[in-house]
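Okay, so the sequence shown: first residue is 121 according to this note's numbering, each after it adds one. Ideal Cβ positions, reconstructed from N, Cα and C, are used throughout, including at glycine. One structure is given below, encoded as structure tokens.
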Amino acid sequence: MRVTRVRPAALLIPVVGVGIVLAALGERDRRRADHLQRKAREELEALGEVVTLFRVDAGRDPESLADLWERPATWTGRFPYTPYVTEYPPTDPWGNPYLLRRADVASASSATVELVSRGADGQLGGADDLSTSRP
């Protein structure tokens, strides 16, 4: 029986190839994550503009995001109510509903409304959370 020796260089080629493929996949995932974060920021800004329109029409901030979809019971707007968003609840790129937080007027913050995306992990309070404040 004859035993052939495998040269170490022959083993190196497949290992390097696998490393290159894994690096390319990691780069693709990083770019996708960056794209989703950019999209969430754009959607938060657009939702902030909708909150501003509601404030102009109703003379107050919305109590929740539901006010942008359904006519609030206390609607005293200048015009007949029409929905401000086409989808309810509005969801971020990861499929989680956006949150609307109302700040206490007496607080030091100048913002009265904060819109929040829970980020990729779907948990509130993580490092990947995104938010925008509207005065």
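Membership of Val205 in any beta strand (DSSP E) is not indicated, and neither H nor E is assigned to it by DSSP.
Here DSSP, grouped into helix, strand and coil, assigns Thr196 to coil. In summary, Leu173 is exposed, with fewer than 16 beta-carbon neighbours lying within 10 Å of its beta-carbon over all protein chains present.
Rounded to the nearest angstrom, the Cβ distance from Leu250 to Ala160 is 5 Å, consistent with a contact under 8 Å. Excluding five sequence positions before and after Glu190, none of the CB atoms of its chain fall closer than 7 Å to its own CB. Taking a 10 Å sphere around the C-beta of Asp241, we find fewer than 16 other C-beta atoms and assign the residue as exposed.
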